[in-house]
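In this note's numbering, the protein residues as written are -11 to 164.
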């Protein structure tokens, strides 16, 4: 059994060391070859009479798997001392409300208009979206998993407010 545990630890470490570059590669592939991702995004899963889309299922699986890494005592500690969670949420909101519109404005100013102009809006929407994938990379090797889960859950709960607000800011920032 110890040999199996050591193999699992090595595999986990190998995956963890390559997670950041793998996510960046996925983003690059989605930019260069959007067809497969678009088809997957539109694929619905009928399960027990519910219609679930692939992004919702992916977020559920990520959070469900991550929840098993958090001992119950740590979850209570995050509630009792929420500074780290609030700092992560503040960073997410700063990205959504300040950095994303500023980046979109820079991209627009760089001449990305017409069909390519949608990139400005896409950057802002990605920044305003729940932070599950990005937070997984940002948390780092010895990061606080409990805080990560709390920030992801809070950002997902706030996304019905942050997404329209970011789009509203874009309407004021970007010329029509």
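Where a beta carbon is used, it is the ideal one built from N, C-alpha and C, also for glycine.
Because the structure is a prediction, the values reported are computed rather than measured.
Can the beta-carbon of residue i be found less than 9 Å from the beta-carbon of residue j?
i, j, result
"residue 134", "residue 65", "yes"
"residue 84", "residue 26", "no"
"residue 139", "residue 82", "no"
According to the neighbour-count rule (16 or more other Cβ atoms, all chains shown, within 10 Å of its Cβ), is residue i buried or exposed?
i, result
"residue 31", "exposed"
"residue 12", "exposed"
"residue 145", "exposed"
"residue -7", "exposed"
I need the straight-line Cα distance from residue i to residue j, nearest angstrom please.
i, j, result
"residue 0", "residue 52", "17 Å"
"residue 24", "residue 80", "28 Å"
"residue 70", "residue 157", "29 Å"
"residue 72", "residue 98", "36 Å"
"residue 159", "residue 147", "18 Å"
"residue 46", "residue 141", "14 Å"
"residue -3", "residue 93", "44 Å"
"residue 10", "residue -9", "27 Å"
"residue 61", "residue 20", "44 Å"
"residue 67", "residue 7", "28 Å"
"residue 86", "residue 15", "22 Å"
"residue 2", "residue 152", "39 Å"
"residue 48", "residue 59", "19 Å"
Who are the Cβ neighbours of residue i in its own chain at under 8 Å, not counting the five residues just before and after it?
i, result
"residue 29", "41, 42, 43"
"residue 180", "Only positions -11 to 164 of the chain appear in this structure, which leaves residue 180 out of reach."
With a cut-off of 9 Å, does the C-beta of residue i fall near any C-beta of chain C?
i, result
"residue 160", "Any reference to chain C falls outside this structure, which holds one protein chain only."
For residue i, which option in the options has the closest C-alpha, if you only look at C-alpha atoms?
i, options, result
"residue 63", "152, 137, 144", "137"
Please return the same chain residues whose Cβ sits closer than 7 Å to the Cβ of residue i, not counting the five positions on each side in sequence.
i, result
"residue 132", "72"
CB-CB under 6 Å to residue i, same chain, minus the five flanking residues each way: which ones, in chain order?
i, result
"residue 22", "none"
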